[in-house]
Amino acid sequence: MRTAVLAPALLLVLAGPALAEDLPQRNQIELFGQAEGAGLTGTARKTRAVDARPAREGEVVVTVIPGEGVETTSKPAEPGDWVVRNRCSADKAANPTILVKAARFPERYGAPQGEPDAEGFREFHPSGQEMGFFLVSPETGAFQFVAPWGTPMVAKPGDAIVQIPGDRDDTYRIARAEFDCTYEVLKAPAAK
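Going by my numbering, the first residue of the sequence shown is number 17, and it counts up by one from there.
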């Protein structure tokens, strides 16, 4: 069963880089700084509850965005890491999952809010940490960059690039549909 579940994801991973090959390589941290300097950043916080379970040591999480395909692939999980699943679709299997490092999970999600389900997932509520963000403009276009966890990531016009306050290196993409579903905008970016 495990092989059957991983096989489609593996095919997407193998196809993903070929599709991104033609995209320009950009530095998301520099782009964030430029957007900030131009007054094009806003502030948001994650507010929607998530499901999370302890990751299995060595587990690789492939984040698949509905309608887009593979967004990113995690490094192998280490002890204490968590698999976090958004709750945007009633179809749990359609909701993207990410790997959150053990050191970051408690500050971002706190304590569980219920008992584990059959897959070991429990409800957690985001801490509501404020994050800076900007939306990738059509002028910037699609680009690829290296995510903070060391794997390739593609950003497209409309996507949010978020940055954790006090940690410029923790700057990454959130697909627009997921951003709209899971984040509350506290301060919108200034219009161009």
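Ideal Cβ positions, reconstructed from N, Cα and C, are used throughout, including at glycine.
Note that the structure is a prediction, hence the values are computed from the model and not measured.
By the Cβ criterion, the segment 48-58 is not in contact with the segment 127-139, since fewer than three pairs of Cβ atoms, one from each stretch, lie closer than 8 Å.
Relative to A193, the option among S105, R61, F121 and E146 whose CA is nearest is S105. Annotated three-state conformation of P70 is strand, per DSSP. DSSP lists P70 and V116 as the bridge partner or partners of W98. Comparing alpha carbon positions, the residue from V86, L202 and R61 closest to A110 is V86. Judged by DSSP in its simplified three-state form, K62 adopts strand. Contact annotation, G174 with V152: C-beta distance approximately 6 Å; criterion of less than 8 Å satisfied. Contact annotation: the segment 67-82 does not touch the segment 145-165, with fewer than three C-beta pairs closer than 8 Å.
If you draw a straight line from the Cα of G96 to the Cα of A118, it is about 5 Å long. Within the same chain, G55 and L56 come within 7 Å of A206 by CB-CB distance, once the 5 residues on both sides are set aside. One thing to note: E123 has its Cβ no nearer than 9 Å to the Cβ of T59. Comparing C-alpha distances from D185 to each of I45, Q41, E37 and D38 shows the shortest one belongs to I45. Annotation: the continuous alpha helix (DSSP H) that includes E194 extends over R192 to T198.
Between T88 and V100, the CB-CB gap reaches or exceeds 9 Å. Cβ neighbours of G136 within its own chain (closer than 8 Å, five residues either side excluded): R69 and P70. Under the three-state reduction of DSSP output, R103 falls in the coil class, being neither helix nor strand.
Beta-bridge pairing by DSSP links D183 to I180. In its chain, beyond the 5 residues on either side, D67, A68, R69, P128, Q129, G130, E131 and P132 have a beta carbon closer than 8 Å to the beta carbon of R138. Going by beta carbons, L115 and S90 fall inside the 9 Å limit. Counting only the Cα atoms, V80 lies some 12 Å from M169.
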